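Below is one structure, written out as structure tokens; comments come after it.
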Amino acid sequence: IETNTIAPSTGTTLTLGENGDTVTLGTGATQSGFGGTNTPAFEAYLSANQSISNDTFAKVNFNTETYDTDNTYDNSSNYRFTPAVVGKYLINTGVRFDSGTSANLEIARLALYKNGSHFYEAQFHNQNNAPRRQYLVLNVSVDVTSTSDYFEIYAYLQASSTTSGLIISGKGSGGDSYAYFNAFKILT
1 IETNTIAPST GTTLTLGENG DTVTLGTGAT QSGFGGTNTP AFEAYLSANQ
51 SISNDTFAKV NFNTETYDTD NTYDNSSNYR FTPAVVGKYL INTGVRFDSG
101 TSANLEIARL ALYKNGSHFY EAQFHNQNNA PRRQYLVLNV SVDVTSTSDY
151 FEIYAYLQAS STTSGLIISG KGSGGDSYAY FNAFKILT
């Protein structure tokens, strides 16, 4: 069948297939409307350790891109995701905090900022027998309502002393990434 429009003969619902069926688009065809493609999308990571000050929020400088479908992530100056397409997005980030060899980690916070303001946060608190390292992950769905909306990741670390060894861990010796930031569109 070749046609430009398929519409329901009655009502407002059109069903393609039945339970268990797979609907496949032809080669080179694209989907639009509800959902659509999952772009813009990007993934970036921190290529080396980043030092941070005790008891202060610092922007995480995810400086190496794995991919960036629409050139929407700035990995060289602002370290921010500006989707430029209105819709709903899934944003994911993970960071390993290290308080150095002489200090215990008391509080670690990982925050998503939207348009320069605190938006979502994951936290770790431990006052007794605190570890030197902690890994936090934050996964949230967000509403992008303006083409100028942007998102950044900030980290906060409070250690038992104001040691200068406070870091966000970058690449490990085996090449594993300890700090990442990615996002993709899930709905239009």
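The numbering of the sequence shown is my numbering, which starts it at 1 and goes up by one. Where is the CB? At the ideal position from N, CA and C, for every residue including glycine. Treat the numbers as computed from the prediction; the structure is a model and nothing was measured.
query, result
"If you draw a straight line from the alpha carbon of F124 to that of L136, how long is it in whole angstroms?", "8 Å"
"For the segment 175 to 182 against the segment 38 to 47, are there 3 or more C-beta pairs whose distance is under 8 Å?", "yes"
"Quick check on the burial criterion: 16 or more other C-beta atoms within 10 angstroms. Buried or exposed for I1?", "exposed"
"Under 8 Å, with one C-beta from each stretch per pair, do the segment 45 to 62 and the segment 165 to 176 reach the 3-pair mark?", "yes"
"Just curious, the beta strand (DSSP E) that A48 is in, first and last residue?", "Counting along the chain, A48 falls outside any beta strand (DSSP E), and DSSP gives it neither H nor E."
"For I186, which option in L105, S117, G172, K88 has the closest C-alpha, if you only look at C-alpha atoms?", "K88"
"Suppose the cutoff is 7 Å on Cβ atoms and the five residues either side in sequence are ignored; what does the same chain contact list for T64 look like?", "A44, Y45, S47, N75"
"If you reduce the DSSP assignment to three classes, tell me which class T64 lands in.", "strand"
"Put R80 into one of helix, strand or coil per three-state DSSP.", "coil"
"Reducing DSSP to helix, strand and coil, say where S169 ends up.", "coil"
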